[in-house]
Amino acid sequence: MKITVLGATGQTGQHLVNEALQQGHTVTAVARDPGKITVHHDNLKVVQADIFSADSLKPHFKGQDVIMSCLGFPASFFTGVTGYSLSMRAVVSAMQTAHVSRLVTMTSWYTEPNSGAQSSLLIRFLLLPLIRSVLNNMHEMEQMLMKTDDINWTVVRPPGLRNLPSSAQEFLTYEGYFVPDGSGYPKGSSVGRGDVARFMLSLLSSNAWVKKGVAMTTK
33 MKITVLGATG QTGQHLVNEA LQQGHTVTAV ARDPGKITVH HDNLKVVQAD
83 IFSADSLKPH FKGQDVIMSC LGFPASFFTG VTGYSLSMRA VVSAMQTAHV
133 SRLVTMTSWY TEPNSGAQSS LLIRFLLLPL IRSVLNNMHE MEQMLMKTDD
183 INWTVVRPPG LRNLPSSAQE FLTYEGYFVP DGSGYPKGSS VGRGDVARFM
233 LSLLSSNAWV KKGVAMTTK
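Take 33 as the starting number for the sequence shown in the numbering used here and just add one per residue.
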């Protein structure tokens, strides 16, 4: 498939680009600073674009089969986070103009404000408050996609991310804001970035999670 990857210089984005190339896909990697992408491959094209501008993104979306996003923005206590929702507005507009309908984007567990109630005390009272500005804007982006009729989106929600390559571990998935164990509590707390990339690419051969948000982790 022809894949455009947004956030290609980020840690998860780099795994996604490499995994997609290994699987034989043709990749267009979008970066603010193309020089940060050091991978060289016959099936890789590196381009510069403004992720907040539909006009800037549109030329790199034309003729593509799917747009995949690993964009990330830092937490902020004072001004809030807007990068997820603002960039997605530009992405959706560019996709509509370029006639590309398939989108796979990454957010996180616990984007819904009340979904962390069953998590551990450490996560509930330390981690989630630290990143709530990020989670809130991710949730806003998710809600925006749910109201977009002509985009076949999937939101992938992983837990904490470790900088590990892909493995052969089986995926655990759940249509919600975390993967529960048998008692309804979150199962695990982290996953390798390579496995997130592997899961995102696995969605290209299935329609099971189209227009849905899927929490994932590995066994």
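We put the CB at the ideal spot given by N, CA and C, even for glycine.
Heavy atom of the ligand GTP within 7 Å of residue i beta-carbon
{"i": "Thr143", "result": "The model depicted lacks the ligand GTP and carries no ligand whatsoever."}
Proximity of residue i and residue j at Cβ, strictly below 8 Å
{"i": "Tyr217", "j": "Ala247", "result": "no"}
{"i": "Val59", "j": "Val49", "result": "yes"}
{"i": "Glu207", "j": "Lys244", "result": "yes"}
{"i": "Gly220", "j": "Arg194", "result": "no"}
{"i": "Ser234", "j": "Glu172", "result": "no"}
{"i": "Glu51", "j": "Ala229", "result": "yes"}
{"i": "Lys86", "j": "Thr36", "result": "According to the sequence provided, residue 86 is Ala. The question's Lys does not apply to it. In this structure, Thr36 does not lie closer than 8 Å to Ala86 by Cβ."}
{"i": "Gly104", "j": "Gly39", "result": "yes"}
{"i": "Leu204", "j": "Thr249", "result": "yes"}
{"i": "Ala107", "j": "Leu162", "result": "yes"}
{"i": "His47", "j": "Gly226", "result": "yes"}
{"i": "Thr186", "j": "Val124", "result": "no"}
Rounded Cβ spacing between residue i and residue j (contact assumed at less than 8 Å)
{"i": "Asp74", "j": "Lys34", "result": "Not quite, the Cβ-Cβ distance comes to about 14 Å (not below 8 Å), so this is no contact."}
{"i": "Val188", "j": "Phe157", "result": "At roughly 26 Å, the Cβ-Cβ gap does not stay under 8 Å, so Val188 and Phe157 are not in contact."}
{"i": "Ile83", "j": "Ser119", "result": "5 Å"}
{"i": "Asp181", "j": "Ser133", "result": "Asp181 to Ser133, Cβ: 10 Å. No contact."}
Rounded straight-line distance, which links the Cα of residue j to that of residue i
{"i": "Ala122", "j": "Lys90", "result": "9 Å"}
{"i": "Ala126", "j": "Ser101", "result": "14 Å"}
{"i": "Leu53", "j": "Phe93", "result": "18 Å"}
{"i": "Ser238", "j": "Asp65", "result": "33 Å"}
{"i": "Pro190", "j": "Ser165", "result": "17 Å"}
{"i": "Val71", "j": "Ile99", "result": "19 Å"}
{"i": "Met170", "j": "Val113", "result": "9 Å"}
{"i": "Asn184", "j": "Gln43", "result": "25 Å"}
{"i": "Gly45", "j": "Leu76", "result": "14 Å"}
{"i": "His57", "j": "Leu153", "result": "42 Å"}
{"i": "Thr139", "j": "Asn168", "result": "11 Å"}
{"i": "Val79", "j": "Lys179", "result": "30 Å"}
Assigned secondary structure, residue i (DSSP; H/G/I helix, E/B strand, else coil)
{"i": "Leu103", "result": "coil"}
{"i": "Thr36", "result": "strand"}
{"i": "Lys77", "result": "strand"}
{"i": "Ala200", "result": "coil"}
{"i": "Pro190", "result": "coil"}
{"i": "Arg64", "result": "coil"}
{"i": "Thr129", "result": "helix"}
{"i": "Asn195", "result": "coil"}
Practice task
Assess, as a yes-or-no matter, whether the stretch 197-205 is touched by the stretch 144-155 under the definition of 3 or more beta carbon pairs within less than 8 Å.
Solution key: Cβ pair count under 8 Å is below three, so no.
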